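Participant: Questions regarding the structure given below will be posed in turn.
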Amino acid sequence: MLIKKHVGPIRLLGSCSLGEDATLAAVPLIAQLLRRPASAKARAQAAKALGLLASSPEIAEGVADVALPDLVVLLKDKHTDCRCAAVGALGSIAQTPSIAERIAEAGLRDLVPFLTDPDPQCRGNGAAALLAMACSETVARHIADAALPGLVKHLNGTDSKLKCMAVFALAILAGSKDLRRRIANMALSALVSLLSDPLAEIRFTAAHALGNLASSLELKGRIGKAALPELVALLKDEEPECRSHAAGALVGLACHEDVAPHIADSALPALTKLLLDPNTPPEGLSNAARVVRNLADIVKLRLQTAKPMLTPLVQLLKHPLTPVDCRVCCLQAIGNLAREAQLRKRIASAALPAALPALVDMLNDDQVECRRLAASVIGNLSCSEHLADGIAKTAATSLKKLLSDTDAECRSITTSVLSNLTTLGSLLDFSGPPAS
């Protein structure tokens, strides 16, 4: 009765809470409203509702069985809200390769134009839907064939609005590992040139696209060679969002043995400034800290990275408003630097007082990933006699609790840490993990 009376997405959460059978039973009733000619509002709400209901692959399959043809028809509706809701719903139900292939067969031709739709919400939903559908390698190839030539043409055009739409679409589509090589082959040089575009939105979106492309190991060296000078220049851009996305693009490149030394040579001063600038947005702080963390993971770059970076890392740890994910990256970076014996004495005096309280908090975190990370970072620090006493005094109690942790990896890392502390004479009462 509620569904027939009102199809608002909030009301439909009641269907979801009744379980999979009740939700699937509601789908045909909602799908009928997609064909209601007199009410654009009802059509849009029904499409949104179907997207919300597709909370699992099984339900998504049921939605596709009943509503796929009507959702594809709705892609051509004259009302923007209806089109936007329809493409959003198709993105939500594209949860498996088989569903993605069904959607592509029925409506790929109608989905591609959404990448340059005048409405920003439609563009975003369209790009997200195609990205979801790229979970199928077959569909990813079809998307590349259907969408990339037109998008690349817009990148090289003179219409700033179309250029902005195209680079946004490519940035999202580059989130698919099956599309990255094709995008790089067709658009890399154009994306690099857009890093110096007069429009800030185009500059930072191009950097975001390059960062997504650099998620693929096979492309890191190529992107570094093509784009590194321009990305380093963008780190100094007057727009904070441009600086933030430039750092984001460098995160993946800083993992590459051949590219990372060039980043260390050319980008450390700008990254230092980014970390110390009070106007840097939270995302920019986290991105810059990730770059430093990755550079510090490379043995030959640790001394070079530590010289300008240890002080900013410590300052961020001390600052109460530093975002949590940035704080975590700072701790990881300090842990990586501590693998270098020449740095441990400096870390003991400069970084340990700020790092240990944060690490102890993470040892007691509800999330197993946080506990593992904290134990691992402390493990790197505990190899040094300069650091061992401070760790034992501050963290031993929390570490010993982890010996009974439900996670085997936590227990293993912690056993190694406590053994290190015992070997160095900083801990006298550790005789090994409890018997299982």
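Numbered per the working numbering, the sequence shown spans residues 512 to 947.
Ideal Cβ positions, reconstructed from N, Cα and C, are used throughout, including at glycine.
Note that the structure is predicted; figures quoted are calculated from it, not measured.
Return the CA-CA distance between Ala775 and Ala537, expressed in angstroms with no decimal places.
Facilitator: On the sequence shown, position 264 is the one that residue 775 refers to. On the sequence shown, position 26 is the one that residue 537 refers to. Cα to Cα, Ala775 sits roughly 57 Å from Ala537.
Participant: Report yes or no: do the segment 674 to 689 and the segment 731 to 739 share at least 3 C-beta pairs separated by less than 8 Å?
Facilitator: Touching, no, given that fewer than three Cβ pairs across the two stretches are closer than 8 Å.
Participant: Go ahead and pull the three-state DSSP assignment for Thr934.
Facilitator: Taking the sequence shown and counting its residues from 1, one reaches residue 934 at position 423. Three-state result, Thr934: helix.
Participant: Just checking my contact of Ile541 with Ala557 at CB under 8 Å: how many whole Å lie between their CB atoms?
Facilitator: Numbered from its first residue, the sequence shown carries residue 541 at position 30. Numbered from its first residue, the sequence shown carries residue 557 at position 46. About 5 Å separates the two Cβ atoms, so the contact holds.
Participant: Taking 8 Å as the threshold (C-beta atoms), are Ala844 and Arg804 in contact?
Facilitator: For this step, residue 804 is matched to residue 293 along the sequence shown. For this step, residue 844 is matched to residue 333 along the sequence shown. Contact flag set, yes.
Participant: Are three or more beta carbon pairs between the segment 705 to 713 and the segment 722 to 730 nearer than 8 Å?
Facilitator: Too few Cβ pairs lie closer than 8 Å, so no.
Participant: Whole-angstrom Cβ separation of Gly599 and Lys664, contact assumed at under 8 Å?
Facilitator: One-based indexing of the sequence shown puts residue 599 at position 88. One-based indexing of the sequence shown puts residue 664 at position 153. About 26 Å; that fails the 8 Å criterion.
Participant: Helix or strand or just coil, what does DSSP make of Gly957?
Facilitator: A query on residue 957 cannot be resolved here, the shown segment of the chain reaching from 512 to 947 and no further.
Participant: Is the separation between the beta-carbon of Arg693 and that of Ala655 shorter than 8 Å?
Facilitator: Taking the sequence shown and counting its residues from 1, one reaches residue 693 at position 182. Taking the sequence shown and counting its residues from 1, one reaches residue 655 at position 144. Contact: yes.
Participant: Could you check which residue in Ala886, Asp628, Val577 has the C-alpha nearest to that of Ile610?
Facilitator: Sequence index remark: in the sequence shown, residue 610 carries index 99 (1-based). Of the listed residues, the one whose Cα sits closest to Ile610 is Val577.
Participant: Please state whether the Cβ-Cβ distance between Val743 and Ser797 is less than 8 Å.
Facilitator: In the sequence shown, residue 743 corresponds to position 232, counting from 1. In the sequence shown, residue 797 corresponds to position 286, counting from 1. Contact: no.
Participant: Would you give the residue range spanned by the alpha helix (DSSP H) that Arg652 belongs to?
Facilitator: Numbered from 1 along the sequence shown, position 141 holds the residue referred to as residue 652. Counting along the chain, the alpha helix (DSSP H) containing Arg652 begins and ends at 648 to 666.
Participant: Ala765 and Val802 look like a contact to me (Cβ under 8 Å); what is the Cβ gap, rounded to whole Å?
Facilitator: Here residue 765 refers to the residue found at position 254 of the sequence shown. Here residue 802 refers to the residue found at position 291 of the sequence shown. About 5 Å separates the two Cβ atoms, so the contact holds.
Participant: Of all the alpha helix (DSSP H) runs that stay within the bounds of the segment 825 to 895, which reach a length of 4 or more residues?
Facilitator: As far as the segment 825 to 895 is concerned, its whole alpha helix (DSSP H) runs of at least 4 residues are 835 to 848, 855 to 861, 863 to 874, 879 to 892.
Participant: Would you call the CB atoms of Leu848 and Ala807 closer than 8 Å?
Facilitator: Walking along the sequence shown from the start, residue 848 turns up at place 337. Walking along the sequence shown from the start, residue 807 turns up at place 296. Cβ distance < 8 Å, so Leu848 and Ala807 count as in contact.
Participant: Could you give the DSSP three-state label for Asn790: helix, strand or coil?
Facilitator: Along the sequence shown, read from residue 1 onward, the residue named residue 790 stands at position 279. It is coil, neither helix nor strand.
Participant: Our contact map puts Ala711 next to Glu750 with C-beta atoms below 8 Å; I'd like the distance itself, whole angstroms only.
Facilitator: As a working note, residue 711 is residue 200 in the sequence shown. As a working note, residue 750 is residue 239 in the sequence shown. At roughly 4 Å, the Cβ-Cβ gap stays under 8 Å, so Ala711 and Glu750 are in contact.
Participant: According to DSSP, simplified to helix, strand and coil, what is Thr669?
Facilitator: Translated into the one-based positions of the sequence shown, residue 669 becomes position 158. Residue state, collapsed to three classes: coil.
Participant: Classify Lys674: buried if its beta carbon has 16 or more other beta carbons within 10 angstroms, exposed otherwise.
Facilitator: Translated into the one-based positions of the sequence shown, residue 674 becomes position 163. Buried, by the Cβ-count rule.
Participant: Look at Leu641 and Ala617 and say whether their C-beta atoms are less than 8 Å apart.
Facilitator: Position 130 of the sequence shown holds residue 641. Position 106 of the sequence shown holds residue 617. No.
Participant: For Leu863, which option in Leu828, Pro834, Ala718 has the closest C-alpha, if you only look at C-alpha atoms?
Facilitator: Numbered from 1 along the sequence shown, position 352 holds the residue referred to as residue 863. Cα-wise, what sits closest to Leu863 is Leu828.
Participant: So, helix, strand or coil for Ser603, using DSSP?
Facilitator: To locate residue 603, count along the sequence shown from 1; it is residue 92. Here Ser603 sits in helix by DSSP.
Participant: I need the straight-line Cα distance from Gly763 to Gly722, nearest angstrom please.
Facilitator: Here residue 763 refers to the residue found at position 252 of the sequence shown. Here residue 722 refers to the residue found at position 211 of the sequence shown. Distance between the alpha carbons of Gly763 and Gly722 is about 7 Å.
Participant: At which residue ranges does the segment 534 to 585 contain complete alpha helix (DSSP H) runs of 4 or more residues, listed in the order of the chain?
Facilitator: 551 to 564, 568 to 585
Participant: Apart from the five residues on each side of it in sequence, which residues of its chain come closer than 6 Å, Cβ to Cβ, to Leu935?
Facilitator: Taking the first residue of the sequence shown as position 1, residue 935 is located at position 424. These residues qualify, in order along the chain: Glu896, Ala899.
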